[in-house]
Each structure stands twice: as C-alpha cells, then as structure tokens.
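Quick notes on the structure that follows.
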Amino acid sequence: MPAGLEPLPDYLADRGQPQSTLRWLSKPTTSALLGSLALIDEPLSHSALDQCPPSWGRHHLREVLIDAELLPARDEPIERLGTWITETAAALPAHQSALIGPYGHWAILRRARRRSRRRRFTHAAADAARNRIRTAITLLDHLDENEWTISDLTQSKLDAWTDGQRRRTNNIAGFIGWLTQRGLAQNLSITRYTYPPPSQTGDEHDHHRTIAALLSGDTPADLPTRVAGLLVLLYGARLSQLQNLTTSSLKRRKTRRYITLARHPIELPDRLADLIDVLARQATNNPNAYTRDGRGHYLLPGSRAHHPLHPTTLSRKLTAAGVPSRISRNHALLALGTDLPAAVLATQLGLSTATTTGWAKLAQRDYTAYLHSRE
404 MPAGLEPLPD
414 YLADRGQPQS
424 TLRWLSKPTT
434 SALLGSLALI
444 DEPLSHSALD
454 QCPPSWGRHH
464 LREVLIDAEL
474 LPARDEPIER
484 LGTWITETAA
494 ALPAHQSALI
504 GPYGHWAILR
514 RARRRSRRRR
524 FTHAAADAAR
534 NRIRTAITLL
544 DHLDENEWTI
554 SDLTQSKLDA
564 WTDGQRRRTN
574 NIAGFIGWLT
584 QRGLAQNLSI
594 TRYTYPPPSQ
604 TGDEHDHHRT
614 IAALLSGDTP
624 ADLPTRVAGL
634 LVLLYGARLS
644 QLQNLTTSSL
654 KRRKTRRYIT
664 LARHPIELPD
674 RLADLIDVLA
684 RQATNNPNAY
694 TRDGRGHYLL
704 PGSRAHHPLH
714 PTTLSRKLTA
724 AGVPSRISRN
734 HALLALGTDL
744 PAAVLATQLG
754 LSTATTTGWA
764 KLAQRDYTAY
774 LHSRE
C-alpha cells in the first residue's frame, strides 16, 4: 500500500458500495495508478498524484481520496486546468511549448483564477479555456506545416487561417493579443465576433403550460427536476447555478422567501417557495447531500456523496420534463428583460450588464413589433 493510503481500505469497506468498489479496484487503470503512487518518493498530495499518468482514472482516484479525507478538497476545475496546461505544454515540441506554457499559465489560468474570485469557475468554463489553448496549438501547427515562425505571421496569413470562422476567430483572439503585448508578433489585429440574438425562445403558451405543470406536479418529473425547471423557466438560471444551489442559498425574511443564484437574492413566489422548502428539508435529511466545505446541503445532490448532480444529468432530466435549458432560458431572459432594469437583472442572475442590456433591447424590439402588428 503506497504511503499515506493506509486508511483507504477501511474507508472503502465502510462506505457501503461493495460492488462498485470491487469493480473499481479490479480495473487495470486503478492498479496502475496505485502502483505509480507507490513509486513516488514523497508524501501523498495532489502534486504527487499529478505525477501519475493523466487519465480519467486519475480524476476518479483523486475524488475518492478527497472523499476519504486523505487529500484536501480543492477548486477542482481551476486546479485540473492548471495540471492540463502543464501536461499539454510538456507534450509539445520545444518551440511550441515555450509559447503555450506561458500563455496557458500566465494568461488563461491567471484570468480563470481572477474569475473564480468573482463567481464560481465551472468545468464548462475550464473546457472553454482548453479550447482556446487547443486553437493556439492548431495555429502553431499551421505555421510549422508552412515552415513559418511566429515572426513570419502577417495579418493576411492570419486572416486566411481564420477564414471567417466565428469560433476559431474568437478562440485565437486572446493568443494573438498575448503575442502582440510581448512583442512576439507585430501589426496583427483580430476582432471577436459578437453572437447574434437568440433565434429560438420557444412558444409562450408552451412556456406557461410547462410552468403550471411543474408547479402542480402534473408531470412525472421528480421534485428536484421540477424545482430546477421552474428556476430555468422563471429566472433563466444556468445549469452551473442550479448545480451549486445549497440550503445556504435560501433566506427567509418574515413571510418572504428568497433564493440566491448569483450575488443578490431573488424573492420567490409562494408556490415555488413551498416546493423549495420541501426540497430543502429533503436535502437536510440526506447526509450524502452535505457539502464538503460545510456550507450546507446540495438542493440537487448527485449519486456520489457530497457532490451535486452532474450538469449533463441535470440537462437530460430537464429535457425529459419539457424544459430544454437553452430555449427555456432564452424565453425567461426575454421576459425578464421587459420587467427589470439591466443592472438589477445582472446582479440577480450573475450576468454582465452588457448581456442583460442586450436582452432588454431585444425584448423592447419584440414588444415594438407586437404593437405595430396590432395597428
């Protein structure tokens, strides 16, 4: 048994999942990881585990060790991104690694850490950061294929490579800016594309009918899915916000009840508040819903102890309940844009003022079109 892992067998035996534990232990990846840890001549730590070969098995072993309190909990999306940057840069040719390593750590990761101080940095945000780095590597590969260096990159070559592709252009903009700021490239500019207003907002009658069904229980969806669906339909809540709701997100002031999705609480209508109260009681009575940091109980707990429901699972449940998250969220934001000032909407929903202003303008445009149609 690798040093520091001596308590692991007792934890696995006591957690009450014998079949899944045996399947996990019998996997070659698990044996290889534990064997690699045994060869590392240092105390058990996150950095020691990062010396093992990268794999999904390593992520799972880390979660098991955190659950067993053999490793401290950490900001997993941020820290996993940092490890990925290091390992990705190390696997590149030296001349590419010399650019991607510093760009990844000092531009992408630093920005991610700043963002995490303002609001939670999610796995989806980490995936977006990885895509920006992958796009930078793709550009460097393109230069290598043509036997060009960074100093050979001109505006015409850059424009030909982006070729009007919205995603590629937006993903490479940060790298081009970083190269320019450091004098590694000259006379280059790139303009990020702005995305058009959403083309799908759903049918208003269907929207209201789904809200009524979720409130009344006239649906096969379970209570957590009903509450999550209502928060999407009424407030345009993002999956990451729903995933991380806990009992500490709820507040009561006399007869009024509130939920906090972002920075400021939102007052709840009574029928929704009643459902959330029931959900909160269920969560409080579920020891596996207790958060690792002790800040409360997850309102939408996952199958793993002390973990919220995975956003992919939540999205699937919402879709089955008639709440396609993107379209439903668009409709909610369009409706809210007509009722609330952009600044208020931004603080309550955790959006930028520019985003909420855009929704307000879109809502006003649709309302004006409606008035003209009645003339």
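If you read the sequence shown in the working numbering, its first letter stands for residue 404, the second for the next number, and so on.
For each residue, glycine too, the CB sits at the ideal point set by N, CA and C.
The structure presented is a predicted model; accordingly, all values stated were derived computationally and were not measured.
Q: Out of T489, E466 and I488, point me to the one whose CA is closest to E479's CA.
A: Locating residue 479 in the sequence shown gives position 76, where the first residue counts as 1. Scanning T489, E466 and I488 for the CA closest to the CA of E479 turns up E466.
**Q.** S434 classed as buried or exposed, judged by whether at least 16 other C-beta atoms fall within 10 angstroms
**A.** In the sequence shown, counting from the first residue as 1, residue 434 sits at position 31. Burial check for S434: the Cβ neighbour count within 10 Å stays below 16, so the residue is exposed.
Q: Find the nearest neighbour of P672 within the set R655, W564 and A529, judged by alpha-carbon distance.
A: Your numbering for residue 672 matches position 269 in the sequence shown. For P672, the closest C-alpha among the options R655, W564 and A529 is that of R655.
**Q.** Under 9 Å between C-beta atoms of R522 and A665
**A.** On the sequence shown, position 119 is the one that residue 522 refers to. On the sequence shown, position 262 is the one that residue 665 refers to. The answer is yes: Cβ separation under 9 Å.
Q. Does P480 have its Cβ less than 9 Å from a Cβ in chain C?
A. Given the protein chain composition of this structure (a single chain), no chain C is represented.
Q: Pull up the distance between the alpha-carbon of A510 and that of E482, whole angstroms please.
A: In the sequence shown, counting from the first residue as 1, residue 510 sits at position 107. In the sequence shown, counting from the first residue as 1, residue 482 sits at position 79. Approximately 15 Å between the Cα atoms of the pair.
Q. Who are the near neighbours of I593 in its chain, counting only those whose CB is closer than 6 Å to its CB and skipping five residues on each side?
A. Mapped onto the sequence shown, residue 593 falls at position 190. Cβ within range, chain order: A576 and I579.
Q.
So if DSSP puts A701 in a beta bridge, which residue, or which two residues, is it bridged to?
A. Translated into the one-based positions of the sequence shown, residue 701 becomes position 298. A small correction: the amino acid at residue 701 is Tyr; Ala does not occupy that position in the sequence shown. Paired residue(s): T649.
Q | Reduced DSSP category for R523 - H, G, I as helix; E, B as strand; rest coil | A | Counting from one through the sequence shown, the residue named residue 523 turns up at place 120. In the structure shown, the three-state DSSP call for R523 is coil.
Q) How many Å lie between S500 and R659 at the Cα? A) The count along the sequence shown starts at 1 and reaches residue 500 at position 97. The count along the sequence shown starts at 1 and reaches residue 659 at position 256. CA-CA distance, S500 to R659, rounds to 56 Å.
Q.
Using the Cβ count rule (16 or more neighbours within 10 Å means buried), how would you classify L682?
A. Start at 1 with the first residue of the sequence shown, and residue 682 comes out as number 279. It is buried - the Cβ of L682 has at least 16 other Cβ atoms within 10 Å.
Q: Please classify Y693: does DSSP put it in a helix, a strand, or coil?
A: Here residue 693 refers to the residue found at position 290 of the sequence shown. Y693 sits in a strand when the DSSP states are folded into three classes.
Q. Helix, strand or coil for Y596 per DSSP?
A. Position 193 of the sequence shown holds residue 596. It is coil, neither helix nor strand.
Q.
Suppose contacts are defined by Cβ-Cβ distances below 9 Å. Is T572 in contact with R537 by that definition?
A. The sequence position of residue 572 within the sequence shown is 169, counting from 1. The sequence position of residue 537 within the sequence shown is 134, counting from 1. No, the pair does not count as a contact, with Cβ atoms beyond the cut-off.
**Q.** Environment of I553 [buried if 16+ CB atoms lie within 10 Å]
**A.** By 1-based counting over the sequence shown, the position of residue 553 is 150. Exposed, because fewer than 16 other Cβ atoms sit within 10 Å of the Cβ of I553.
Q. Among A723, G419 and T491, which one has its Cα closest to the Cα of T622?
A. For the purposes of this step, residue 622 is taken as residue 219 along the sequence shown, with counting starting at 1. Out of A723, G419 and T491, A723 has the C-alpha closest to the C-alpha of T622.
Q) With respect to the alpha helix (DSSP H) encompassing E466, which residues constitute its N-terminal and C-terminal limits? A) Counted from its first residue, the sequence shown places residue 466 at position 63. W459 to D470 is the extent of the alpha helix (DSSP H) around E466.
Q. If you drop the 5 nearest sequence neighbours on each side, which residues of the same chain put their C-beta closer than 8 Å to that of K560?
A. In the sequence shown, counting from the first residue as 1, residue 560 sits at position 157. So the list reads W551, once near-sequence residues are dropped.
Q | Span separating the alpha-carbon of T541 from that of L452 | A | Taking the sequence shown and counting its residues from 1, one reaches residue 541 at position 138. Taking the sequence shown and counting its residues from 1, one reaches residue 452 at position 49. Distance between the alpha carbons of T541 and L452: 29 Å.
Q. From the DSSP output, which residues share a beta bridge with R656?
A. By one-based count along the sequence shown, residue 656 stands at place 253. DSSP links R656 through a beta bridge to R659.
(Q) For a quick check, are the C-beta atoms of L717 and T649 less than 9 Å apart? (A) Taking the first residue of the sequence shown as 1, we reach residue 717 at position 314. Taking the first residue of the sequence shown as 1, we reach residue 649 at position 246. Contact flag unset, no.
Q. What first and last residue would you give for the beta strand (DSSP E) that runs through E783?
A. An answer regarding residue 783 cannot be provided, because it is not within the stretch 404 to 778 covered by the chain.
Q.
Assuming I511 is part of the alpha helix (DSSP H), what are its boundary residues?
A. Looking up residue 511 in the sequence shown gives position 108. Where I511 is concerned, there is no enclosing alpha helix (DSSP H), given that its DSSP letter is neither H nor E.
(Q) On the DSSP bridge list, what partners appear for P711? (A) Sequence index remark: in the sequence shown, residue 711 carries index 308 (1-based). The beta-bridge partner set that DSSP reports for P711 consists of P704.
Q) If we call anything under 9 Å between Cβ atoms a contact, is L408 one with L447? A) Here residue 408 refers to the residue found at position 5 of the sequence shown. Here residue 447 refers to the residue found at position 44 of the sequence shown. Yes, they are a contact pair.
(Q) Taking its Cβ as the centre, do 16 or more other Cβ atoms sit within 10 Å of T628, making it buried, or is it exposed? (A) Taking the sequence shown and counting its residues from 1, one reaches residue 628 at position 225. Buried: at least 16 other Cβ atoms inside 10 Å.
**Q.** Rounded C-alpha distance that separates G507 from I488
**A.** Residue mapping note: residue 507 aligns to position 104 of the sequence shown, counting from 1. Residue mapping note: residue 488 aligns to position 85 of the sequence shown, counting from 1. When rounded, the separation of the alpha-carbon atoms in G507 and I488 is 6 Å.
Q.
According to DSSP, is P496 part of a helix, a strand, or is it coil?
A. As a first step, residue 496 must be located in the sequence shown, where it is residue number 93. Residue state, collapsed to three classes: coil.
**Q.** Cβ distance (whole Å) where L634 is taken to contact T613 below 8 Å
**A.** Counting from one through the sequence shown, the residue named residue 634 turns up at place 231. Counting from one through the sequence shown, the residue named residue 613 turns up at place 210. That belief does not hold up - the Cβ atoms of L634 and T613 are roughly 13 Å apart, past 8 Å.
Q | Three-state secondary structure (DSSP) of T552 | A | Walking along the sequence shown from the start, residue 552 turns up at place 149. Assigned with DSSP and collapsed to three states, T552 falls in coil, not helix or strand.
Q. Looking only at its own chain, which residues have a Cβ that is under 8 Å from the Cβ of G705, when we skip the five neighbours before and after it?
A. Translated into positions along the sequence shown, residue 705 becomes position 302. Excluding five sequence positions before and after G705, the CB atoms of its chain that fall closer than 8 Å to its own CB belong to P711, L712, H713 and T716, given in chain order.
Q.
Please classify Q646 as buried or exposed, where buried requires at least 16 neighbouring CB atoms within 10 angstroms.
A. Residue mapping note: residue 646 aligns to position 243 of the sequence shown, counting from 1. Classification for Q646: buried.
Q | Rounded separation between T771 and D547 - CA only | A | Counting from 1 along the sequence shown, the entry for residue 771 is found at position 368. Counting from 1 along the sequence shown, the entry for residue 547 is found at position 144. Confidence in T771 is poor, its pLDDT being 39 and thus under 50, which makes the residue's placement unreliable; the coordinate value appears in the next sentence. Put simply, the backbone Cα of T771 is about 53 Å away from that of D547.
Q) Between the Cα of A492 and the Cα atoms of H463, I469, A539 and L473, which residue gives the shortest distance? A) Mapped onto the sequence shown, residue 492 falls at position 89. Nearest neighbour of A492 by Cα position, chosen from H463, I469, A539 and L473, turns out to be A539.
(Q) To the nearest angstrom, how far is the alpha carbon of R418 from that of A515? (A) Stepping through the sequence shown from its first residue, residue 418 is reached at position 15. Stepping through the sequence shown from its first residue, residue 515 is reached at position 112. Spanning the two alpha carbons is a distance of roughly 34 Å.
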